[in-house]
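Peer 1:
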Amino acid sequence: MTGSPIIVLFRNDLRISDNKALAAAADTGRSVIPLFILDETGADARPAGGASRWWLHHSLAAFGKVIETLGNRLLLRAGATDSIVADTIKASGADTVFWNRRYHPAGMAVDAALKSRLRADALQAESFDGFLLHEPSRVATQSGDFYKVFTPFHKRLLADGEPRDPVDAPKHLARCDTTPASEPLDALGLLPTPDWAGGLAERWHPGEEGALERLETFLDERLASYAEGRDRPAEDATSGLSPHLAHGEITPFRIMAALRRKRGRGAESFARELAWREFYYHLLFHRQALHRENFRAEFDAFTWRSTPAALQAWQRGRTGYPIVDAGMRELWQTGYMHNRVRMIAASFLIKDLLIDWRDGEAWFWDTLVDADAANNPASWQWVAGSGADAAPYFRIFNPVLQGEKFDPRGDYVRRWVPELAKLPDRFVHRPWEVPASVLRDSGLDLGNDYAHPIVDHAQARERAMAAYRATRGDD
Ligand code: FAD
Numbered sequence: 075m076t077g078s079p080i081i082v083l084f085r086n087d088l089r090i091s092d093n094k095a096l097a098a099a100a101d102t103g104r105s106v107i108p109l110f111i112l113d114e115t116g117a118d119a120r121p122a123g124g125a126s127r128w129w130l131h132h133s134l135a136a137f138g139k140v141i142e143t144l145g146n147r148l149l150l151r152a153g154a155t156d157s158i159v160a161d162t163i164k165a166s167g168a169d170t171v172f173w174n175r176r177y178h179p180a181g182m183a184v185d186a187a188l189k190s191r192l193r194a195d196a197l198q199a200e201s202f203d204g205f206l207l208h209e210p211s212r213v214a215t216q217s218g219d220f221y222k223v224f225t226p227f228h229k230r231l232l233a234d235g236e237p238r239d240p241v242d243a244p245k246h247l248a249r250c251d252t253t254p255a256s257e258p259l260d261a262l263g264l265l266p267t268p269d270w271a272g273g274l275a276e277r278w279h280p281g282e283e284g285a286l287e288r289l290e291t292f293l294d295e296r297l298a299s300y301a302e303g304r305d306r307p308a309e310d311a312t313s314g315l316s317p318h319l320a321h322g323e324i325t326p327f328r329i330m331a332a333l334r335r336k337r338g339r340g341a342e343s344f345a346r347e348l349a350w351r352e353f354y355y356h357l358l359f360h361r362q363a364l365h366r367e368n369f370r371a372e373f374d375a376f377t378w379r380s381t382p383a384a385l386q387a388w389q390r391g392r393t394g395y396p397i398v399d400a401g402m403r404e405l406w407q408t409g410y411m412h413n414r415v416r417m418i419a420a421s422f423l424i425k426d427l428l429i430d431w432r433d434g435e436a437w438f439w440d441t442l443v444d445a446d447a448a449n450n451p452a453s454w455q456w457v458a459g460s461g462a463d464a465a466p467y468f469r470i471f472n473p474v475l476q477g478e479k480f481d482p483r484g485d486y487v488r489r490w491v492p493e494l495a496k497l498p499d500r501f502v503h504r505p506w507e508v509p510a511s512v513l514r515d516s517g518l519d520l521g522n523d524y525a526h527p528i529v530d531h532a533q534a535r536e537r538a539m540a541a542y543r544a545t546r547g548d549d
């Protein structure tokens, strides 16, 4: 073995396949030090939520095993990146550090500072792509501004042509002679106490292997009907890749390469959703406080209501609106909610309850296994109307009609709100209209077994319209 070891930093890229930083290090033939750092020290760092931390624990456990099969060992540390890297260099004599780029503000700041410091010390520091298909800094409108509307942004991406092919996983990672410090996985404190994650474990298989399995199953079994099926929450019609993407266990390059084998309406529609992910990262890159600040400043004057009891009813799935409650309970139990239902539940919080979108965003951040620095705040702002290319303010989802349209037989509601399981289809999204005799037959004690609606949607809609008009200055 010639040359000093190379440190490869891992963060949200726990994979060996299509991992350019790892592949570049392995290709040198030098020894490699795989180092994961949990860094929540920066002033701007946003600590991961509970469900994400659970995922990360299991993803690290799986990744550690994969690294062992390559003849090496994953080092785990928690703390400030800069000093841990300095420590590891000192202990190993490494003169090179590679990593894959990340795009949330706190991470970018840490990585930029690290690169400058290493280079100032005459060490080699190199970063690689993988998390996004397009570098947000390199996509600009003709006038040099950033895109605020999805369609022209998407066209611009399509004009770039096909993304690169994924790079192969290394077959072996030479180990260095010294063993720099590492901590046991449990010491990172990622698992919840008490353990509430049973439902998450039942549904998910964190790690690269789970991601690749999911991709293959989706392409073989569901892609063909994805365009039509993706709006129906009772069906398992989408990929379920979001937590794997959010944690970097699979890259969009790998997914796009697999889609090239398929084509058709499903493939196009799926690629378009991945383009939304790119768009939201583009926005985050240019508006770094996306989870704290309204994209449209006029929303700073919006008068949100402070109603902790209503917020809690929403969080626990006790609003009395079955599709909202089903979604919130799916989230609580599995760390996931179907996209259509995310839109309905978010609209309900913001528009029916007039609760600040930031409260909803924070709840999702804590409970979603796919909680994502760009997709989450950008989607919440989209629903609120405060974001770029946002839904028009007068679009206020009617939770009953949305339920009836997208869950016509009530299968999704019955799965997550079992109290309503025995209601006839035509009442399952409007239990308050059930005649007394039917209530008796279905064994439902409305008000006790299941909540009465916490607001009247028609009145709430008027109240929201008035608040929105006032913010826009229409009154
Ligand atoms: P698929 O339909 O299989 O889509 C494939 C991939 O495309 C997804 O994994 C995701 O990476 C991307 N994608 C799909 N839909 C969207 C979208 N509308 N916007 C951006 N990217 C998309 N997605 C997250 O990954 N993390 C979040 O924290 C998140 N929070 C959301 C909050 C709200 C209020 C709303 C309305 C949507 C949110 N989304 C979020 C977007 C979307 O709901 C999820 O990406 C999707 O439901 C994940 O399921 P899937 O992987 O089966 O999606």
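Residue numbering for the sequence shown follows the numbering used here, starting at 75 and increasing by one per position. We treat Cβ as the ideally placed atom computed from N, Cα and C, and that holds for glycine. Please read all numbers here as calculations on a predicted model, not as lab measurements.
1. Count the other CB atoms within 10 Å of the CB of Thr377; is the residue buried (16 or more) or exposed (fewer)?
2. From this set, Asn413, Arg249 and Asp430, which residue's C-alpha is nearest Pro108's C-alpha?
3. By Cβ distance, which residues of its chain are closer than 7 angstroms to Arg339, with the 5 residues on each side in sequence left out?
4. Would you call the CB atoms of Val491 and Pro396 closer than 7 angstroms?
5. Provide the residue span of the alpha helix (DSSP H) that contains Ile323, from first to last.
6. Report yes if the C-beta distance between Leu130 and Gly138 is below 7 angstroms; otherwise report no.
7. With C-beta atoms as the reference, is Asp399 less than 7 angstroms away from Gly391?
8. Name the one or two DSSP bridge partners that Arg151 has.
9. Rank Ala100, Ile81 and Asp118 by C-alpha distance to the C-alpha of Ile111 and give the top, closest one.
10. Express the C-alpha separation of Ser460 and Leu96 in angstroms, rounding to a whole number.
11. Please confirm whether any heavy atom of the ligand FAD lies closer than 6 angstroms to the CB of Thr312.
12. Would you grab the beta carbon distance between Val529 and Arg504 for me? Rounded to a whole angstrom, and I think it's under 8 angstroms.
13. Could you check the C-alpha separation between Thr66 and Ala165 for me, to the nearest Å?
14. In the DSSP assignment, what residue or residues form a beta bridge with Trp173?
15. Taking 6 angstroms as the cut-off, does the CB of Met417 come closer than this to any heavy atom belonging to the ligand FAD?
16. Which whole-angstrom value is the C-beta distance of Ser516 and Lys496, which I expect to be below 8 angstroms?
17. Ala419 and Gly394 look like a contact to me (Cβ under 8 angstroms); what is the Cβ gap, rounded to whole Å?
18. Does the distance between the C-beta of Arg351 and the nearest non-hydrogen atom of the ligand ATP fall short of 6 angstroms?
19. With a cut-off of 8 angstroms, do at least 3 Cβ pairs link the segment 86–106 to the segment 150–159?
20. So, do the segment 182–197 and the segment 112–126 have three or more beta carbon pairs nearer to each other than 8 angstroms?
21. Quick one: is Lys229 buried, meaning 16 or more other Cβ sit within 10 Å of its Cβ, or exposed?
22. Starting from the Cα of Glu290, find the closest Cα among Arg537, Asp101, Ala331 and Ala436 and give me that residue.
23. Using 10 angstroms around the beta-carbon of Gln198, count the other beta-carbons present and answer buried if the total reaches 16, otherwise exposed.
24. Would DSSP call Ile513 helix, strand or coil?
25. Say yes only if the C-beta of Asn368 is nearer than 6 angstroms to one or more non-hydrogen atoms of the ligand FAD, and no if none qualify.
26. DSSP state of Val106, grouped into three classes?
27. Considering just the uninterrupted stretch of the alpha helix (DSSP H) at Gln407, what are its terminal residues?
28. On a CA-only basis, which of Gly167, His356 and Val508 is nearest Asp463? Give me that one, please.
29. Quick test of your reading: Leu358 and Ala448, contact by CB under 8 angstroms. State the CB separation rounded to the nearest angstrom.
30. Is the distance from the Cβ of Pro210 to the Cβ of Gln362 below 7 angstroms?
31. To which residues of the same chain is Phe501 closer than 8 angstroms at the C-beta, ignoring the five residues directly before and after it?
32. Could you check if Ala271 belongs to the surroundings of the ligand FAD, using beta carbon to heavy atom distance under 6 angstroms?
33. Could you pull out every residue in the same chain whose Cβ sits closer than 6 angstroms to the Cβ of Asp219, ignoring the five residues on either side in sequence?
34. Is the distance from the Cβ of Glu323 to the Cβ of Leu150 below 7 angstroms?
35. Could you tell me if Glu372 is buried or exposed, where buried requires 16 or more neighbouring beta carbons within 10 angstroms of its beta carbon?
36. Roughly how many whole angstroms lie between the Cα atoms of His246 and Arg334?
Peer 2: Walking through what the data contain:
1. exposed
2. Arg249
3. Ala301
4. yes
5. Per the sequence shown, the amino acid found at residue 323 is Glu instead of Ile. Unbroken run through Glu323: none, as it is neither H nor E.
6. no
7. yes
8. DSSP output for Arg151 lists Ile111 as bridge partner(s).
9. Ile81
10. Distance between the alpha carbons of Leu96 and Ser460: 40 angstroms.
11. yes
12. Contact flag wrong, Cβ pair sits at about 14 angstroms.
13. In the structure as shown, the chain begins at 75 and stops at 549. Residue 66 is therefore absent and cannot be evaluated.
14. The partner list for Trp173 (beta bridge, DSSP) reads Leu83 and Ser201.
15. yes
16. 4 angstroms
17. About 13 angstroms; that fails the 8 angstroms criterion.
18. In terms of ligand content, the structure shown lacks the ligand ATP and carries the ligand FAD instead.
19. Under the 8 angstroms Cβ criterion, the segment 86–106 does not count as touching the segment 150–159, having fewer than three qualifying pairs.
20. yes
21. exposed
22. For Glu290, the nearest C-alpha among the options comes from Ala331.
23. exposed
24. The displayed chain sequence assigns Leu, not Ile, to residue 513. Three-state DSSP puts Leu513 in a helix.
25. no
26. strand
27. Pro396 to Thr408
28. His356
29. 4 angstroms
30. no
31. The answer, listed in chain order, is Glu507, Val508 and Val512.
32. No; taking the cut-off as 6 angstroms, the Cβ of Ala271 has no heavy atom of the ligand FAD nearer than that.
33. Once the five neighbours on either side are set aside, Asp219 has no close Cβ partner at all.
34. no
35. exposed
36. 29 angstroms
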